[in-house]
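A.B. asks: Protein sequence lines correspond, in order, to chains A and B. Terminal number for the first sequence in this note's numbering: 321, no gaps in between. Terminal number for the second sequence in this note's numbering: 321, no gaps in between. Built from N, CA and C at the ideal position, the CB exists for glycine as well. Would you mind keeping the following structure in view while I ask a few things?
There are 2 protein chains.
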Amino acid sequence: MNAIKKLFDIEFPIIQAGMVWCSGWRLASAVSNAGGLGLIGAGSMYPDVLREHIKKCRLATSKPFGVNVPLLYPDIDQVFEILAEERIQIVFTSAGDPSKWTPSLKENKMKVVHVIANKKFALKAEQSGVDAIVAEGFEAGGHNGREETTTLCLVPEICETVGIPVIAAGGIGSGKAMLAAMALGAEGVQVGSAFAASVESSAHENFKKAILNSGEGDTKLSMKTLIPVRLMKNDFFHRVEKAEAGGATRAELLELLGRGRAKKGMFEGDLSEGELEIGQVASGIREIKPAAIILQGMWQEFIAEKERISNLSF
Amino acid sequence: MNAIKKLFDIEFPIIQAGMVWCSGWRLASAVSNAGGLGLIGAGSMYPDVLREHIKKCRLATSKPFGVNVPLLYPDIDQVFEILAEERIQIVFTSAGDPSKWTPSLKENKMKVVHVIANKKFALKAEQSGVDAIVAEGFEAGGHNGREETTTLCLVPEICETVGIPVIAAGGIGSGKAMLAAMALGAEGVQVGSAFAASVESSAHENFKKAILNSGEGDTKLSMKTLIPVRLMKNDFFHRVEKAEAGGATRAELLELLGRGRAKKGMFEGDLSEGELEIGQVASGIREIKPAAIILQGMWQEFIAEKERISNLSF
């Protein structure tokens with residue numbers, strides 16, 4: 008049996024990425040009810056808001072769901088306290104050092120997955136005791152690795168490096184891409200952008216429409232001087248790019264970034280001045296669909312393409 | 008039957024990329040003799056040198072082979088004259104406008120393939136009458152697209168856009184990656200870096216060893232102010248990066264680049280001051296092997312992985 012299905016006790020090895028401002032209880036419960044694994048994105052929630060989302064998610068689904076916690080979160084102790092109190096059983100950690108938190112999460116009988124973009128952190132995560140790894144490539148939306156390794160190059164390297172199951176992320180929004188990820192050795196996939204544009208996503212309608220309208224080359228890895236992040240190109244993005252090309256310092260970029268850019272863009276719908284985190288697959292998204300339809304369509308395409316590939320003759 | 012095998016009358020739908028300073032007649036004939044399609048890289052050859060390589064390649068193999076011609080080549084008329092005189096039947100064009108040259112090449116009964124990195128040029132190439140398209144992603148070595156679209160995201164978009172066969176390139180140096188490319192809709196693959204490090208590659212031994220020693224994150228897309236090119240990180244690369252981060256102008260970068268950098272690095276083996284064009288898969292290359300062994304190993308892995316994927320159950 009597929010290791011990711013078994014690990015999380017889910018029907019399809021498809022995980023909805025925990026995303027700031029997009030994945031609250033509505034999206035997570037919709038994905039879990041459809042047979043995937045929904046994740047609440049704690050990165051954009053104050054602790055009390057997170058608790059509320061967990062409670063609502065539990066009312067909305069009886070299926071397994073999890074929480075994604077960026078380890079750079081300011082109130083991180085409080086967040087993990089809430090997860091324990093709310094008896095959360097699945098935690099995805101990202102953007103930080105897995106060795107610091109994994110042991111205590113495992114003591115609480117949680118299943119722990121860590122998101123990485125290079126071999127060094129994959130090994131560190133495995134040694135910390137995580138149950139699986141998300142290998143996220145350059146094409147992914149949001150925060151990203153400095154090595155700029157693409158999913159096609161990263162996934163096989165990580166599968167060779169660790170002995171635990173690998174979930175591929177970045178560039179995966181279709182059954183074909185899911186099949187490609189499985190061909191590379193992944194046992195599951197994490198899908199972000201496609202669900203960011205779903206009916207149940209808490210993203211602002213303006214942002215969802217901008218995803219539908221975006222084309223090839225409309226996202227770019229930005230703010231490399233700070234933490235690299237893939238953004239949709241807009242006025243804010245172009246100001247950052249101009250500043251970086253002109254040799255702006257870290258301090259100047261931090262001032263330009265200011266506070267609350269991601270909320271402004273993705274949650275409040277300011278398409279000009281907000282930070283719009285989205286992956287390269289955005290260019291192929293043409294319709295805002297319910298999460299269950301996205302998941303089912305992906306799975307059906309995966310099965311059909313698997314059949315096609317099996318029957319190829321040379 | 009597979010469209011790429013049929014188009015070129017070859018045994019395996021694996022094409023060895025035409026690469027400056029690496030792919031002369033020795034490599035091209037070795038790949039063609041092994042059942043793939045070898046390409047002589049005209050981009051680093053004066054016209055008379057190119058003619059000599061074609062003659063030697065024909066003596067070394069009775070199988071089909073081709074020539075890759077970057078359309079920005081200075082003596083382009085003369086190059087195409089030689090290809091016609093030498094009755095070359097397969098031409099891969101890259102780095103330029105396919106509409107200008109494809110019609111006359113087709114009049115000469117040549118099979119023409121154009122290398123693209125975005126939909127606009129894929130359509131332009133199809134409309135120009137090419138027989139197939141190489142869709143090359145961000146992870147590829149050497150010159151690259153400004154959109155930075157990865158192979159995983161590019162290939163399915165191009166397959167949806169054109170009606171002619173698509174060959175995937177960038178990030179493909181194993182049978183697993185080949186299977187992933189086929190899952191995305193490609194009908195063949197073009198392999199560069201793995202063959203750049205082969206026994207028959209005309210690259211300097213220093214460069215081949217540098218490929219073996221390179222690890223994750225050791226290449227980066229550089230010189231974006233001029234024409235983006237993926238390079239191995241070395242002293243020259245770091246000077247370019249520093250200049251670009253400091254806001255260097257196009258003219259300043261051109262001066263820094265100077266002349267003959269690629270030859271100095273890849274052919275003369277100056278690992279510090281030369282330009283070393285190689286793809287992200289370099290980090291996975293551990294041994295200098297004959298081209299035939301590389302090709303056979305890739306094909307065997309492809310077939311084995313296709314079998315594995317076919318038997319996956321959920």
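On the CB-based measure, 16 or more other CB atoms within 10 Å of its CB, does residue 79 of chain A come out buried or exposed?
C.D. replies: Residue 79 of chain A should be labelled exposed.
A.B. asks: Under 8 Å, do residue 157 of chain B and residue 178 of chain A count as touching if we go by C-beta distance?
C.D. replies: A contact, by the Cβ cut-off of 8 Å.
A.B. asks: Check whether the region 164–171 of chain A and the region 165–173 of chain B touch, using three or more Cβ-Cβ pairs below 8 Å as the test.
C.D. replies: No contact exists between the region 164–171 of chain A and the region 165–173 of chain B.
A.B. asks: Return helix, strand or coil for residue 273 of chain A, following the three-state DSSP convention.
C.D. replies: If DSSP states are grouped into helix, strand and coil, residue 273 of chain A belongs with the helices.
A.B. asks: For the beta strand (DSSP E) containing residue 75 of chain A, list its first residue and its last residue.
C.D. replies: From DSSP, the beta strand (DSSP E) with residue 75 of chain A extends over 72–77.
A.B. asks: Between which two residues does the beta strand (DSSP E) holding residue 237 of chain A run?
C.D. replies: It spans 236–239 - the beta strand (DSSP E) in which residue 237 of chain A sits, taken as one unbroken run.
A.B. asks: Would you list the residues sitting across from residue 197 of chain A in a DSSP beta bridge?
C.D. replies: Paired residues: A:22, A:176.
A.B. asks: Does residue 61 of chain A get closer than 8 Å to chain B when you measure Cβ to Cβ?
C.D. replies: Taking Cβ atoms only, chain B never reaches closer than 8 Å to residue 61 of chain A, which makes this a no.
A.B. asks: Buried or exposed for residue 245 of chain A, going by 16 or more other Cβ atoms inside 10 Å?
C.D. replies: So residue 245 of chain A counts as exposed.
A.B. asks: Does the beta-carbon distance from residue 305 of chain B to residue 21 of chain B come in below 8 Å?
C.D. replies: Cβ atoms of residue 305 of chain B and residue 21 of chain B: closer than 8 Å.
A.B. asks: Counting only beta-carbon separations shorter than 8 Å, does residue 169 of chain B have a partner in chain A?
C.D. replies: No, because no Cβ of chain A sits closer than 8 Å to the Cβ of residue 169 of chain B.
A.B. asks: Out of curiosity, what's the CA-to-CA distance linking residue 141 of chain A and residue 291 of chain B?
C.D. replies: Cα-Cα distance, rounded: 20 Å.
A.B. asks: I believe residue 45 of chain A touches residue 39 of chain A by the beta-carbon criterion, under 8 Å. Please report the beta-carbon distance rounded to the nearest angstrom.
C.D. replies: Yes, they are in contact, since the Cβ atoms of residue 45 of chain A and residue 39 of chain A sit about 4 Å apart, within 8 Å.
A.B. asks: By the DSSP assignment, the beta strand (DSSP E) with residue 143 of chain A in it spans what residues?
C.D. replies: Looking at the DSSP string, the run of the beta strand (DSSP E) that includes residue 143 of chain A is 139–143.
A.B. asks: What residues in its chain sit with their C-beta under 6 Å from that of residue 134 of chain B, if we drop five residues either side in the sequence?
C.D. replies: So the list is empty, once near-sequence residues are dropped.
A.B. asks: Less than 8 Å between the CB atoms is what I'm expecting for residue 35 of chain A and residue 72 of chain A, so what's the real figure, rounded?
C.D. replies: Right, the Cβ-Cβ distance comes to about 5 Å (below 8 Å), so this counts as a contact.
A.B. asks: Out of curiosity, what's the CA-to-CA distance linking residue 174 of chain B and residue 25 of chain B?
C.D. replies: Going from the Cα of residue 174 of chain B to the Cα of residue 25 of chain B covers about 14 Å.
A.B. asks: Show which residues of chain D have a CB atom less than 9 Å away from the CB atom of residue 39 of chain A.
C.D. replies: No chain D appears in this structure, whose protein chains are A and B.
A.B. asks: What are the boundary residues of the beta strand (DSSP E) that residue 121 of chain B is part of?
C.D. replies: Here the beta strand (DSSP E) through residue 121 of chain B covers 118–123.
A.B. asks: Can you pull out the residues from the region 135–152 of chain A whose beta carbon lies closer than 9 Å to at least one beta carbon of chain B?
C.D. replies: Within the region 135–152 of chain A, the qualifying residues are 144, 145, 146, 152.
A.B. asks: Taking only three categories from DSSP, how would you classify residue 245 of chain B?
C.D. replies: Reduced to three states, the DSSP call for residue 245 of chain B is helix.
A.B. asks: Determine, using beta carbons only, whether residue 23 of chain B and residue 198 of chain B come nearer to each other than 8 Å.
C.D. replies: A contact, by the Cβ cut-off of 8 Å.
A.B. asks: My understanding is that residue 176 of chain A touches residue 147 of chain A, with C-beta atoms under 8 Å, so please give their C-beta distance in whole angstroms.
C.D. replies: Residue 176 of chain A to residue 147 of chain A, Cβ: 6 Å. Contact.
A.B. asks: Using a Cβ cut-off of 7 Å, which residues of the region 256–276 of chain B contact any Cβ in chain A, in chain order?
C.D. replies: Per Cβ criterion, the list is empty.
A.B. asks: With a cut-off of 8 Å, does the C-beta of residue 321 of chain B fall near any C-beta of chain A?
C.D. replies: Chain A contact via Cβ: present.
A.B. asks: Helix, strand or coil, according to DSSP, for residue 100 of chain B in the structure here?
C.D. replies: DSSP places residue 100 of chain B in strand when its eight states are reduced to three.
A.B. asks: Considering Cα atoms alone, identify which of B:274, B:107, B:154 is closest to residue 52 of chain B.
C.D. replies: Residue 52 of chain B has its Cα closest to that of B:274, out of B:274, B:107, B:154.
A.B. asks: Distance check for residue 121 of chain B and residue 159 of chain B, CA to CA, integer angstroms please.
C.D. replies: Taking the straight line joining both Cα atoms gives about 19 Å.
A.B. asks: By alpha-carbon positions, which one of A:151, A:295, A:127, A:251 ends up nearest to residue 216 of chain A?
C.D. replies: Out of A:151, A:295, A:127, A:251, A:295 has the C-alpha closest to the C-alpha of residue 216 of chain A.
A.B. asks: Can you find a C-beta in chain A that's less than 8 Å from the C-beta of residue 287 of chain B?
C.D. replies: Output row for residue 287 of chain B: interface = yes.
A.B. asks: Let's see if you can read the secondary structure: which residues bound the alpha helix (DSSP H) around residue 165 of chain A?
C.D. replies: Element bounds for residue 165 of chain A: 158–168.
A.B. asks: Does DSSP put residue 211 of chain B in a helix, a strand or coil?
C.D. replies: If DSSP states are grouped into helix, strand and coil, residue 211 of chain B belongs with coil.
A.B. asks: Rounding to the nearest angstrom, what Cα-Cα distance links residue 236 of chain A and residue 243 of chain A in this structure?
C.D. replies: Rounded to the nearest angstrom, the two C-alpha atoms are 13 Å apart.
A.B. asks: Can the beta-carbon of residue 278 of chain B be found less than 8 Å from the beta-carbon of residue 272 of chain B?
C.D. replies: Yes. Within cutoff.
A.B. asks: Kindly list the residues whose CB is nearer than 6 Å to the CB of residue 41 of chain B, restricted to its own chain and excluding five residues on each side of it in sequence; keep chain order.
C.D. replies: Around residue 41 of chain B: 299, 302.
A.B. asks: Alpha carbon to alpha carbon, how far is residue 309 of chain A from residue 9 of chain A? Give it in angstroms, no decimals.
C.D. replies: Approximately 15 Å between the Cα atoms of the pair.
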